[in-house]
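The opening residue of the sequence shown carries number 1 in the UniProt record's numbering; numbering runs sequentially from there. The beta carbon of each residue, even a glycine, is placed where N, CA and C say it ideally should be.
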Amino acid sequence: MVRKAASNGADSQQGTTAATASPRTRKAVATAVPPEPTPTLEPVAPTLEPTVAAVVAPDVKTGPAKTSGVRGALTKRIPAPRRSRTSKPAPRIRNRSKGDGRHLNNMSEIRHFFRTDESPIFFVGASAFNLLGLDRWVRGFSYITYYDSWEGTHPRVFTPADKPYIEFQSGEEINNWLLTNHEVRAHIEHRTPAGVHPKIVMVFFNEETEHICQELGYELILPPAALRERLDSKMETTRIATSAGVDSVPNVMTTVDSWADVVKATKAAKLGTDLVIQTAYGDSGKTTYFVTSEEEFDAVAENLRGEEVKIMKRINNRPIAVEAVITHHGTIVGPCMTEITGHKALTPYRGGWAGNEMYPDVLAEKARHATTELVRKLGDRLAKEGYRGFFEVDVLLDTDTDEVYLGELNPRISGASAITNVTAGAYADVPLFVFHLLEYSGVEFTLDVDEINARWEELASEDEWSHMVIKHTDKTVEHIDAAPTTGLYVLDGQGRFVFAHRELDWHLVNNESEAFYLRIYGPGDYRWKGADLGILVTKGRLQGSHGGLTIHARHLIESIRSMYRATPLPDSEPVKWPAPAKGN
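Have a look at this one:
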């Protein structure tokens with residue numbers, strides 16, 4: 001059975017339609033030196049090389065995730081090695097020290113600092129999805145990925161040329177393999193001035209990652225793996241939130257071996273029998289179970305026995321995703337986004353995360369403010385645990401009472417980051433993740449957190465973005481013969497969704513008739529049930545008021561799927577999924 005790794009973002013963020021949330025999720029090659037600083041402090045759009053820009057339409061041809069997904073990549077076997085189209089290594093950059101006693105006093109100085117500083121920062125992952133486009137603001141930022149979504153045309157994405165047969169089991173394994181790969185090490189060394197420690201960021205990592213970075217002299221600018229592991233537990237998150245005065249959906253945490261145990265525990269907690277049960281770790285709805293009877297419990301009991309579970313009262317809710325950054329000045333909260341979850345046209349998993357939407361009335365003003373305060377209060381409490389930097393929170397809005405509850409904490413970059421970094425707030429100031437880089441920069445700075453949060457809350461009510469992760473939903477295992485090209489797609493005069501031209505990211509998408517497609521699996525790869533095929537980012541809504549996908553969204557999905565050509569594997573055996581990687 002040939003199987004492959006999924007992308008980094010999709011499953012790095014999860015979501016559910018019941019009283020639960022999700023982790024995140026939920027995925028390259030030519031390198032070039034970032035352009036010299038320009039006088040302007042505004043983001044500068046990267047451009048493609050002339051030969052690439054000349055491409056008018058994809059020549060769909062034959063050829064070859066987060067662990068959770070595209071929000072990170074559960075992985076599968078990797079077929080025969082492929083050669084990347086990586087050009088010769090980029091020349092060394094000039095050595096410029098960060099800090100040197102500098103103090104950044106306002107947003108203008110912060111923008112200027114990152115726009116002109118050349119200190120190397122590498123995002124490492126299965127794909128560049130989560131932080132794609134951040135290089136528009138951060139001069140020294142580039143990407144090291146396992147999958148080449150641009151077929152060698154992105155000047156700041158590097159992919160090793162030789163990838164031997166490996167069966168990865170998690171996004172952490174992919175990242176650790178990349179860090180120790182000789183081509184990657186040479187690439188990082190070549191772009192790092194003598195005496196400088198390159199900075200590394202990623203969605204998924206573990207203690208082995210920390211040891212690798214320490215040995216190689218890399219600075220992993222993320223909270224400690226042991227702390228993230230502890231906070232990743234839904235049980236630990238609930239306990240910490242309760243101590244901070246942050247409410248969760250009515251629940252009980254216990255161990256159960258039978259339906260009788262469930263009834264006993266929920267009766268005492270007055271939760272009823274319409275329930276949602278979660279294990280401590282899991283991704284994209286794969287370890288979230290909806291149970292109303294003994295028969296339904298028995299069907300999933302083997303996944304629940306012998307470990308602590310969280311049993312929640314099922315409520316009518318809308319899941320809201322919010323990202324934030326903890327700095328020593330306080331917690332900066334990003335925009336509120338609703339989640340796209342469980343649609344059969346996108347994912348085979350009930351309650352599985354499949355994207356996000358941000359639009360003006362995603363929440364009423366009162367609920368938006370309550371959500372922002374919930375996330376900020378939780379962030380300030382996490383700071384006492386020693387956590388610094390980026391995290392994501394799934395908040396549940398009870399549609400019957402308008403109360404907001406903590407659904408789940410994801411102590412990492414998430415799939416929602418793709419939208420967070422292109423909001424009006426990001427363009428007015430800097431993308432949210434830049435505050436994470438600032439916290440780990442070693443530079444002294446001053447921030448008025450109250451002012452930023454108030455302004456971003458107002459700006460978020462005027463912006464509109466959506467993205468969705470398109471998975472393979474059939475049970476088949478197939479070899480991909482042709483696939484849509486990464487780039488900008490538009491609706492033509494006849495309403496057909498067609499390829500317009502290659503593009504580096506989605507930042508220039510202007511309206512709902514345009515969309516950026518980031519391909520994860522291409523010709524020569526394999527697709528199976530749950531595999532992340534790619535991510536579509538656009539302006540406008542993708543879900544209707546009825547909760548289902550809009551006609552427009554279904555047209556985009558069907559159009560992308562129609563561009564794939566695949567051959568079923570003969571006599572293929574059923575796919576045996578590896579155990580979920582914690583934090584996916």
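Under 8 Å between C-beta atoms of residue i and residue j
i           : j    : result
Y405        : V249 : yes
V201        : L222 : yes
G237        : E408 : It should be pointed out that residue 237 corresponds to Thr in this sequence rather than to Gly. Closer than 8 Å, so yes.
P335        : T446 : no
G133        : H507 : yes
V434        : W137 : yes
N176        : T209 : yes
residue 607 : Y281 : Since the first residue shown for the chain is 1 and the last is 584, residue 607 is missing from the structure and cannot be characterised.
R185        : L220 : no
F129        : I535 : yes
A483        : Y521 : yes
P411        : Y440 : no
P160        : N181 : yes
T371        : I320 : yes
F114        : L437 : yes
S466        : R368 : no
N510        : K539 : yes
T338        : R318 : yes
residue 640 : G171 : Residue 640 is absent from the structure shown; the chain starts at 1 and stops at 584.
T485        : R519 : yes
L346        : M468 : yes
W259        : F290 : no
N356        : I340 : yes
P360        : E462 : yes
V252        : A418 : no
D261        : R314 : no
R565        : D448 : no
Y489        : A531 : no
A194        : M358 : no
Cross-strand partners of residue i (DSSP beta bridge)
i    : result
G140 : Answer is none; G140 lacks a bridge partner.
C336 : V322
N317 : D398
E503 : According to DSSP, E503 bridges with nothing at all.
Y517 : G487 and L536
R102 : According to DSSP, which records beta bridges pairwise, R102 is partnered with nothing at all.
G125 : T145
F497 : L491
M468 : G355 and L536
H479 : Y526 and T567
E219 : K199
F290 : V276
E444 : H103
G330 : T327
Q214 : Answer by DSSP bridge pairing: none, since Q214 is not bridged.
V509 : Answer is none; V509 lacks a bridge partner.
Residue i classed as buried or exposed, judged by whether at least 16 other C-beta atoms fall within 10 angstroms
i    : result
E458 : exposed
E42  : With a pLDDT of only 42 at E42, under 50, the local geometry of the prediction cannot be trusted, and no value is derived from it.
N106 : exposed
D492 : exposed
S545 : exposed
Q214 : exposed
K267 : exposed
P523 : buried
P570 : exposed
Q543 : buried
G425 : buried
H187 : buried
E173 : buried
D394 : buried
I551 : exposed
D450 : exposed
H343 : buried
Residue-chain proximity (residue i, chain D), Cβ-Cβ < 8 Å
i    : result
E307 : Here there is only one protein chain, and chain D is not present.
The ligand GDP heavy atom lying under 7 Å from the CB of residue i
i    : result
V276 : Questions concerning the ligand GDP fall outside what the structure shown contains, since it holds no ligand whatsoever.
Going residue by residue through the region 135 to 207, where are the continuous alpha helix (DSSP H) segments of at least 4 residues, counting only ones entirely within it? 171 to 180 and 182 to 190
State whether the region 227 to 234 contacts the region 142 to 159, with contact taken as three or more CB pairs (one from each stretch) at a distance under 8 Å. no
Could you say if the region 329 to 349 and the region 365 to 380 meet the contact criterion of at least three C-beta pairs nearer than 8 Å? yes
Quick test of the definition: if touching needs 3 or more C-beta pairs under 8 Å, does the region 514 to 530 touch the region 472 to 481? yes
Validate contact between the region 362 to 377 and the region 300 to 315 using beta carbons, cut 8 Å, 3 pairs: no
Enumerated in chain order, which unbroken segments of the alpha helix (DSSP H) with a length of 4 residues or greater are wholly contained in the region 225 to 271? 225 to 232, 234 to 243 and 259 to 269
Those runs of the beta strand (DSSP E) which lie wholly inside the region 359 to 436 and span at least 3 residues: 389 to 398 and 404 to 410
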